[in-house]
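Residues 133 to 647 in my numbering are what the sequence shown lists, from first letter to last. Backbone N, C-alpha and C define an ideal beta-carbon position, used for all residues, glycine too. None of these values were measured; they are calculated from a predicted model.
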Amino acid sequence: MINFRVQVVRACRARHYGVFVLRNHLREEIYMNRQRAAEEAGSIRPVRSDRSVRLLSTRRAFLQSAAGAATLSFVPNRAFGKTSPPPNLLLLLSDDHTFRALGAVGNHHIKTPTLDALAASGTYFSHCYVSNPICTPSRAALLTGQYGFSNGVTFFNKKIRPESPRLPRLLNEQGYTTAFIGKWHNDGRPLDHGFLRMRHTFLGGMHEHDSIPVVQGANDEKLLVPKNPSELFTDGAIELLGELPEPWCLFVWYTAPHDPRHPPGNYARMYDEGSIPLPPNFMPEPPPHHQSTLDIRDEKLLPRPLDPQAIRHETAQYYGLISHLDAQIARLLEALDRHGQRSRTLIAFGGDNGLTLGAHGLLGKQTMYEEGVRVPLMLSGPGVPRGKTQDKLVDLMDVMPTFLMDVMPTFLEAAGAPVPDTVQGCSLLARHEHRPRSPRIRPRDTIFGHYDDLFRMVRRDRFKLIHTLKPDSFELFNLEEDPYELQDLSASPEHARRLHSLREALQAWRQSTGG
Numbered sequence: 133m134i135n136f137r138v139q140v141v142r143a144c145r146a147r148h149y150g151v152f153v154l155r156n157h158l159r160e161e162i163y164m165n166r167q168r169a170a171e172e173a174g175s176i177r178p179v180r181s182d183r184s185v186r187l188l189s190t191r192r193a194f195l196q197s198a199a200g201a202a203t204l205s206f207v208p209n210r211a212f213g214k215t216s217p218p219p220n221l222l223l224l225l226s227d228d229h230t231f232r233a234l235g236a237v238g239n240h241h242i243k244t245p246t247l248d249a250l251a252a253s254g255t256y257f258s259h260c261y262v263s264n265p266i267c268t269p270s271r272a273a274l275l276t277g278q279y280g281f282s283n284g285v286t287f288f289n290k291k292i293r294p295e296s297p298r299l300p301r302l303l304n305e306q307g308y309t310t311a312f313i314g315k316w317h318n319d320g321r322p323l324d325h326g327f328l329r330m331r332h333t334f335l336g337g338m339h340e341h342d343s344i345p346v347v348q349g350a351n352d353e354k355l356l357v358p359k360n361p362s363e364l365f366t367d368g369a370i371e372l373l374g375e376l377p378e379p380w381c382l383f384v385w386y387t388a389p390h391d392p393r394h395p396p397g398n399y400a401r402m403y404d405e406g407s408i409p410l411p412p413n414f415m416p417e418p419p420p421h422h423q424s425t426l427d428i429r430d431e432k433l434l435p436r437p438l439d440p441q442a443i444r445h446e447t448a449q450y451y452g453l454i455s456h457l458d459a460q461i462a463r464l465l466e467a468l469d470r471h472g473q474r475s476r477t478l479i480a481f482g483g484d485n486g487l488t489l490g491a492h493g494l495l496g497k498q499t500m501y502e503e504g505v506r507v508p509l510m511l512s513g514p515g516v517p518r519g520k521t522q523d524k525l526v527d528l529m530d531v532m533p534t535f536l537m538d539v540m541p542t543f544l545e546a547a548g549a550p551v552p553d554t555v556q557g558c559s560l561l562a563r564h565e566h567r568p569r570s571p572r573i574r575p576r577d578t579i580f581g582h583y584d585d586l587f588r589m590v591r592r593d594r595f596k597l598i599h600t601l602k603p604d605s606f607e608l609f610n611l612e613e614d615p616y617e618l619q620d621l622s623a624s625p626e627h628a629r630r631l632h633s634l635r636e637a638l639q640a641w642r643q644s645t646g647g
C-alpha cells in the first residue's frame, strides 16, 4: 500500500477534489475490511471497533488539516453561490404516492403533519411529473437523470445501460459516502450501481406491510424480517446516521403506500371511510381508449364496475399507510436533529409515481392522467427558500440536475459536482431567481411522458396532450380550467392550432429519444 502521507501529498496536488476522493477511499477501505470480517463471522450488521473508529477519526483529522493548508477543505458549492461545506443529501421516496394525497396541497382529509412541515420549511414543487408512471423506470430515472429511452429502462425487468451516469458514483468522486435503504426494484443491487453501503434492501416490487424480505450486502440471501417495512427502513436509516461520515448521501426508498393496502395497528382505523369523498372525476368504468389497460394487475384489485364505497374504503386504507409513513419520517428527522446534522442536510422527498384510485374509472398508475404521472416533491435545507411553492414544470428525475429525474442534477449541483452532458434532468436549485444560471442549468417549459406501447404525453404551459397509441387517438386538456381532465378539447376548432403544435412537439421528442 502506498505510504499514507504520500497519498495525502498527491491528493493535495490534485487541487479540486482529490482530497475528498482519498478521504472517502480510506474510510471505505476500513469499513469494508470490518464488513468482510463481520460476514465471515456470520454477523450481518457491520461492527465498528473502537480501534477502527479512532483510526478513522485520526486519518480524517489529518486529511482535513492537510487539505485546509491547501485550501481544499471545502468544494465550491455552486448551489449557494460561494465556497461552503458540501451538504449531506437525503432522498426520501414513497411508492405510488399521488400528488393530491398530502395535507400541504390542501387535502383536508389526510393527516401528514411531518411532510407538511417539511414542505413549509423549504420549497414545494407543485407541478412535478414522472416521465414513466411505474416503479422501475421512475427509480432508474432518479439514479441516472435520464429518460428510460436513454438509460434503457422503459419497463419492468430492464437493466440500466452501463454507460448511463449514476448519481452515487458521481457523488463518491466528490468525497461523499453513499448509502441505500429500502425498495430497490432495479437490476442488481445498490452496490452494483455505486452505493458504498446498503442496509435492509428490498429487491422486489411489492410485499405485505407486516414483514419484508431484505438483503444487507452484495451476496447475502434474502431474509424475511417480521416488521413493518416503513418502520424497518427508518430503523436502518437512523442507525446509519450514527455511522456515516460527512458528507454523506442517503437514499431511503419506502414501499408505502403501495398495495396491498393494509396499514398497521390504529392506522387501519384512522380514517372514517364514510367521510372520504370520491374524486371529482370518479367513473365506474374507464373511457373506451383505456380498455387496453384493464388487464394490468393494478386494475384487477376491485371488481368492475367500480363501487363507490369500495373506492372510499381503499382510499381510507391508502391514507392510513401515508399517515404511518409520515410518522416514520418524523422519527428519521428527529434523529437527524439529535445528531446536529439537520442544518447541514439537503432533504428531498418525492413519490415514484401516482395512483388513480377511482379517478377516470381506473385503479392503478399506468396512465398519463394527472393522478398517475404527477407526484409530490419538496426540497428543504441549506440554500433552499423557505415557505415557497414553485409551480414551474419539473420532472422527478431532476433530483439529478424538474421532472422527478430533476432530483439527480439537483443533488450534483448542491454537492458542487459537474453534471454530465448525458443528463437530461434540470437542477431544481437553479429554479430560484437569485441563482446564477449556466447552459447546463436550464429551465423547462415542456414535460413529456410515456407508458409502454400504449400512451405518450406532452404538457406545455396549461395544456396537456395525451396520445393513446392503441387505438390511435388524442385528448387535449386545459389543466388550469379543467384540473380533473373531464373536458376533452381535441375536437374543438378553437384549439386546433394548439393541438397541432403539441402534436409536433411530441413527435419531435419521440424522434429524438426513440420513444
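Per DSSP, reduced to three states, the secondary structure at G314 is strand.
Contact check for S263 against M537 passes: the beta carbons are separated by less than 9 Å.
In the DSSP assignment, R331 falls within the unbroken beta strand (DSSP E) covering R329 to F334.
According to the DSSP assignment, E607 belongs to no alpha helix (DSSP H) but to the beta strand (DSSP E) extending over D604 to N610.
Counting only runs of at least 4 residues, the region 417-491 fully encloses the following alpha helix (DSSP H) elements, listed from N- to C-terminal order: 440-470.
Around the beta carbon of H582, a 10 Å sphere encloses 16 or more other beta carbons of the protein chains shown; the residue is thus reported as buried. Assigned with DSSP and collapsed to three states, T268 falls in helix. Close CB contacts of A637 within its chain, under the 6 Å cut and outside five residues either way in sequence, are with V590 (chain order). Looking at the DSSP output, R592 sits in a beta bridge with T578 and F595.
An exposed status is given to Q639, since fewer than 16 other beta-carbon atoms sit within 10 Å of its beta-carbon. In the DSSP assignment, N220 is bridged to T477.
Ranked by how close their Cα comes to the Cα of L465, the residues S296, P245, E417 and E431 have P245 in first place.
DSSP, read as helix, strand or coil, puts V285 in coil. Of the residues F587, E612 and F365, the one whose Cα lies closest to the Cα of T286 is F587. N289 places its beta carbon 9 Å or farther from that of R476. Taken atom to atom, the span from the alpha-carbon of L234 to that of L487 is near 13 Å. Less than 9 Å divides the Cβ of F543 from the Cβ of L299.
When T578, G483, L478 and M500 are compared, the shortest CA-CA separation from G254 is found for L478. Taking the Cα positions, P514 is about 14 Å away from G548. Taking one beta carbon from each stretch, the region 432-443 and the region 409-419 have 3 or more pairs nearer than 8 Å; the two touch.
Ranked by Cα distance from V526, the first of G519, V507 and M338 is V507. Nearest to P420 by alpha-carbon distance, out of L222, R630 and S605, is S605. Runs of the alpha helix (DSSP H) lying entirely within the region 324-401 and spanning at least 4 residues, in chain order: 361-373. Under DSSP, the beta-bridge partners assigned to C260 are V507 and V526. Comparing alpha-carbon positions, the option among A546, S424, L611 and L303 lying closest to T600 turns out to be S424. No Cβ-Cβ contact shorter than 9 Å links N610 with I266. When rounded, the separation of the alpha-carbon atoms in F281 and F580 is 12 Å. By the criterion of a C-beta distance shorter than 6 Å, Y616 is surrounded in its chain by P412 and N413, once the five residues flanking it on both sides are discounted. Measuring C-alpha to C-alpha distances from T447 to each of P294, P437 and H394 identifies H394 as the nearest.
Annotated as distal: F481 and L302, with beta-carbon spacing of 9 Å or more. The criterion of a C-beta distance shorter than 9 Å is not satisfied by A273 and M510. The three-state secondary structure of F543, taken from DSSP, is helix.
Between the C-alpha atoms of C381 and F327 there is a straight-line separation of about 9 Å.
When the alpha-carbon of T310 is set against those of P294, L275, D319 and N283, the nearest one is in L275.
For L457, same chain residues with a beta-carbon under 8 Å away, outside a window of 5 residues either side, are S226, S362, Y386, A388 and P389 in chain order.
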